[in-house]
Structures are given as structure tokens and as C-alpha cells.
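Each remark here refers to the structure printed beneath this line.
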Amino acid sequence: MEHVTRVGHVETSTASSPVIRIVHISDTHLSHNSLTPPRPLSGNISIQRSDSTETPNNVVDESGKDAFTKRSTSLESREDGFHKGGTFLSSVRKPRINNCEIPCGNVLVHSGDFDWSKQSGGFLRSDNFEEIVQLMNDFFDRFPHKVKIFVAGNHEISLDGKKLLTVQERLTSAVYLYNSSFTYEGINFYGAPYTPFRFITNARGFIRTSGKIASHWRDIPSKTDILVTHSPPYGILDLGTKWTTRKLPRLTNAWHAVLPDRECDICGASHPGRDHWGCPHLREEVLIRIKPTLHLFGHVHECNGVTTRKGITFSNAAYANAKRPRVFDYYLPS
Ligand SMILES: [Zn+2]
Ligand SMILES: [Zn+2]
Numbered sequence: 001m002e003h004v005t006r007v008g009h010v011e012t013s014t015a016s017s018p019v020i021r022i023v024h025i026s027d028t029h030l031s032h033n034s035l036t037p038p039r040p041l042s043g044n045i046s047i048q049r050s051d052s053t054e055t056p057n058n059v060v061d062e063s064g065k066d067a068f069t070k071r072s073t074s075l076e077s078r079e080d081g082f083h084k085g086g087t088f089l090s091s092v093r094k095p096r097i098n099n100c101e102i103p104c105g106n107v108l109v110h111s112g113d114f115d116w117s118k119q120s121g122g123f124l125r126s127d128n129f130e131e132i133v134q135l136m137n138d139f140f141d142r143f144p145h146k147v148k149i150f151v152a153g154n155h156e157i158s159l160d161g162k163k164l165l166t167v168q169e170r171l172t173s174a175v176y177l178y179n180s181s182f183t184y185e186g187i188n189f190y191g192a193p194y195t196p197f198r199f200i201t202n203a204r205g206f207i208r209t210s211g212k213i214a215s216h217w218r219d220i221p222s223k224t225d226i227l228v229t230h231s232p233p234y235g236i237l238d239l240g241t242k243w244t245t246r247k248l249p250r251l252t253n254a255w256h257a258v259l260p261d262r263e264c265d266i267c268g269a270s271h272p273g274r275d276h277w278g279c280p281h282l283r284e285e286v287l288i289r290i291k292p293t294l295h296l297f298g299h300v301h302e303c304n305g306v307t308t309r310k311g312i313t314f315s316n317a318a319y320a321n322a323k324r325p326r327v328f329d330y331y332l333p334s
């Protein structure tokens, strides 16, 4: 069974207050056909609390039957090599093409990079808009979750510049969050697609310079419970492989073999060949002002994982290197 992280009013909720299951995926990069819907196909599920923190809460369908889907334990072993102390080279391997079942839940969130378009913007702007939104719509349509939420990423080049309504009219099977919010069962979601400018990148959809991106983050309402962005906040599940490491792995390995490991000024860890890709402005807004219960993102394929800082739970569910959806039980207040 997959690990389910409990968030929200866990300590203070009573037996009668509902629990909402959130399933998070990101960075599927056109391998969405390898994601299969959970059984049963009904979206009418409810979460039955387990008394112990050791045992996950149970999912029951409308007939009261146990609807929890047994999942392949191989997902557990698909963790990125970095977390297991492997070298950075293990992070650049190609994703496997075997299937991955998306767990059942009330809400399914995709935090961007559904597409794999690589043009750099400007006159090379990709024009697959109709085609890609149709693919997205068919994808979300296959899943039984009551609410499906999509926020774009930097590979959604053809969505950059399109109005929210233009996308939403076509994406009828999901809620498209574009600097906008959505409320479900009293939980306030807010989504924004931006990632900070990096000189070396092969996809420049929704990439903004420092000043512009900071103003977008300032627009996020303080009462947001679940924030969905494509970019991680700086220093949190954001260690990406450096361009030099990717292109010249042997040289980089040799270089690091002769140089002593240095601790990073930002995170205190030693991570040769990798650097922080997250957004410093986003970090500031999230940790100091917004303080959401849950912050969902992707973008950095090497850092699929869940972590907690200052009482906020952060989830990077990038699927490209680690086929591991992240699952949360959100406890509503009593
Ligand atoms: Zn660091
Ligand atoms: Zn990305």
C-alpha cells in the first residue's frame, strides 16, 4: 500500500468531520497513457479513519465495501537514486514505461508538464494547443476522482498566453487553475504555473524573470489551504542535475573525485553535480505569508518526495524519474 500523509486538522478533528483524499501527480511528459485509473471506477468514495497512525485510513465506496486498491510494492523501490545515496548519474536515467495505477481519492491534482514540447518560445513557439488540450481532456476524463485540477508547467508552451477561459472551455474534465482559486469541501485551492528563468532550459512556457514572478506570487491569497505551483520553492525538494553534469558526466565525476565535498550554503547538504532550481520569492511567500497546509509542485524530476517545514507539507510528485504519485488525507475542521 502506498504511504498516505495526514494533513490539516488531524489532532482536532472529530469522528464526524470528513477526510478528503488528495492524489498528486506531476511531470508526466506525455507518458500519461502509462497511468491507469484505480479500481473501483466510482468516484463516490469516502475515507474511513483508522484508529492507529500506523495503519492508513481505509477508502470505502458507496456500497460500503473496501475500495482501497492494492498497489505494486515496486513503486516503493522506484525512489530516486539521490535519496538512497546513489551518485547523481542515477537521476538522469530514462523513465521506465511500465504502468502505474493512480490511487483512488476525492481530488486528483496534476501540477504541470503534461506536455514535452521543447521549443524555446518566441518565433519557435509550439503550436500544438488544440491537440494538447484534447489529450489532457481525454486523460482526466478516464479518472473517477470527483475533482481533477490541472496547473500548467514550463513544457505547456502552447498554453502560455492563452486566457483561463480559452483553456477551460476545452478542458471540460478538469478545473484549470491559472492564477485562480477553487474551493472543494471548504478547502481553498490556488494554482499558478510559473517557474523562474534559467539560462539553460529547453522549454520556456510560463517562465518569468525575478520581478514578474514575485508579483505573481504576491497575488496568491493568504487563505490558501492547498497551493499548486509547477515550481518548487527554493531549497525544498528542488535539487536538479546541473547542465554540465548532464552533458559531461565523466568529466564532472572526475572533477568531483578530486575536489573535496563542500556543504551547500543553502541546505547544508553536500550535493555535487546538482543545484537548487526552486524559486526564492515563492519560498518567502509560502513560508512567511501564505503558510498553506499543503504545497504541491513538480518540475525537478530528481526530487520526488514529501517533506515538512514550519508545519507546511511540501510534495514534489514528478513522475518522470520516480513513478510515484503522492497521497494525502486532508482532515477538515470539526
Ligand atoms: Zn543545497
Ligand atoms: Zn517543468
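The sequence shown stops at residue 334 when you use UniProt numbering, and every number in between is there.
Just so it is clear, CB atoms sit at the ideal spot from N, CA and C, and this is done for glycine as well.
Predicted model only: the values in this text are computed from it and were never measured.
A distance below 8 Å between beta-carbons, with the five flanking residues on each side excluded, links Q134 to the following residues of its chain, in chain order: R170. Excluding residues up to 5 positions away in sequence, D238, G240 and V300 lie with their Cβ nearer than 6 Å to the Cβ of W277 in the same chain. Under the rule that a run must span 4 or more residues, the alpha helix (DSSP H) segments found entirely inside the segment 199–255 read 210–218 and 243–247. Collapsing the DSSP output to three states places A192 in a strand. N106 is classed as buried because its beta carbon has at least 16 other beta carbons within 10 Å across all chains shown. DSSP places R262 in the coil class of the three-state scheme, outside both helix and strand. Around the Cβ of D219, a 10 Å sphere holds fewer than 16 other Cβ atoms; the residue is exposed. Boundaries of the beta strand (DSSP E) harbouring R309: G305 to R309, taken from the DSSP string. Short note on I266: C-beta closer than 7 Å to some heavy atom of ligand 1. For G8, DSSP records a beta bridge to Y331. In this structure, the alpha-carbon of T183 lies about 22 Å from that of Q48. For H256, the Cβ stays outside the 7 Å cut-off from all heavy atoms of ligand 1. Taking non-hydrogen atoms of ligand 2 into account, the C-beta of D261 is found less than 7 Å away from none of them. Going by C-alpha positions, V109 is about 44 Å away from V258. When secondary structure is reduced to three states using DSSP, I312 falls in the strand class.
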